[in-house]
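The opening residue of the sequence shown carries number 1 in the UniProt record's numbering; numbering runs sequentially from there.
Following: one structure in structure tokens, then a few remarks.
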Amino acid sequence: MKNFDPAKSFLGDAARHNDDSPRGDERETVQLLAELARGRALELAIGSGRIALPLAAAGVAVDGIELSPDMIDILRSRPGGDRIDVRMGDMTTVGTGRRYCLVFLIFNTIFNLLTQDDQVRCFQNAARHLDEDGLFLVEAAVPSAWTASNSYVNAEDVELDFVTLDVCRYDPVTQILDESHVRLDAAGVQLRPISCRLAWPSELDLMARLAGLELRDRWGGWQREPFTADSVRHVSTYGPGRA
Numbered sequence: 001m002k003n004f005d006p007a008k009s010f011l012g013d014a015a016r017h018n019d020d021s022p023r024g025d026e027r028e029t030v031q032l033l034a035e036l037a038r039g040r041a042l043e044l045a046i047g048s049g050r051i052a053l054p055l056a057a058a059g060v061a062v063d064g065i066e067l068s069p070d071m072i073d074i075l076r077s078r079p080g081g082d083r084i085d086v087r088m089g090d091m092t093t094v095g096t097g098r099r100y101c102l103v104f105l106i107f108n109t110i111f112n113l114l115t116q117d118d119q120v121r122c123f124q125n126a127a128r129h130l131d132e133d134g135l136f137l138v139e140a141a142v143p144s145a146w147t148a149s150n151s152y153v154n155a156e157d158v159e160l161d162f163v164t165l166d167v168c169r170y171d172p173v174t175q176i177l178d179e180s181h182v183r184l185d186a187a188g189v190q191l192r193p194i195s196c197r198l199a200w201p202s203e204l205d206l207m208a209r210l211a212g213l214e215l216r217d218r219w220g221g222w223q224r225e226p227f228t229a230d231s232v233r234h235v236s237t238y239g240p241g242r243a
């Protein structure tokens, strides 16, 4: 996507509306993360605190790293947000100086890094923050959800006063998915563009190995559903290599 800048993709309206459409599995997400965190966790790309705040309310000491200052402002304005230590910057390089039982990166956010090298650096940065028996958890969609066709338009919402379209184009060479959510209503046209670099679970496993980590578990969802050929996403955990 020409002129797309990831550093600007979650500012302004994008930050304010980021939580407008919850997926509905936030409770299950928090329950599993709380179990794995054993009291202390670091969220990469913590955003506006959609998961971090209820996780902290469940008794987990949560720190975060976030690139968007607008997202951080929203988090800190919410009840309990002032008690979460957030470092602003790139999740591939920024550190907190602490180690954790759990580092996690969810909601496809690993794909927001647009090169394989940056995705590897993210794994390496997560590994630097892990305790000896800590886990790095990644949740991401299985790319087949997008790559069955190299381009498509999908009607997400069709209502009396507005229509929302999901417009995508995928490049299998670069693995880049260019996507825009387009809202059409009486006020005009609103675009919410984003680019992502998709990666299959097997590629993420190799990135983990480059960071000195190895796959521990892979589930098809937050309730530890089996991961199968029909799974549309995966929840994978990686720990320090045992060899």
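Using N, Cα and C, we set each Cβ at its ideal position, and we do this for glycine too.
- Between the region 230-241 and the region 136-150 there are three or more inter-stretch CB-CB distances shorter than 8 angstroms, so the stretches are counted as touching.
- Here the alpha carbon of tryptophan 200 sits roughly 11 angstroms from the alpha carbon of threonine 147.
- In this structure the region 85-101 touches the region 50-69; the number of beta carbon pairs closer than 8 angstroms is three or more.
- Inter-segment contact for the region 25-37 and the region 53-66 is present: three or more beta-carbon pairs are separated by less than 8 angstroms.
- Under the 10 Å beta carbon count, glutamate 43 is surrounded by 16 or more other beta carbons and is classified as buried.
- Going by DSSP, alanine 155 is part of the beta strand (DSSP E) stretching over 151-158.
- By the C-beta density criterion, tyrosine 238 is buried, having at least 16 other C-beta atoms within 10 angstroms.
- Of the other Cβ atoms in all chains shown, 16 or more fall within 10 Å of the Cβ of tyrosine 100; this residue is therefore buried.
- Here arginine 218 has Phe227, His234 and Ser236 as same chain residues with Cβ atoms under 6 angstroms from its own Cβ, once five neighbours each way along the sequence are excluded.
- Cβ neighbours of aspartate 82 within its own chain (closer than 8 angstroms, five residues either side excluded): Arg76.
- A direct Cα-Cα distance of roughly 10 angstroms separates lysine 2 from serine 195.
- The beta carbons of glutamine 116 and arginine 197 sit closer together than 9 angstroms.
- When the five nearest sequence neighbours on each side are left out, the beta carbons in the same chain lying within less than 8 angstroms of the beta carbon of valine 189 are those of Val182 and Arg183, in order along the chain.
- For methionine 88, the enclosing beta strand (DSSP E) starts and ends at 85-88.
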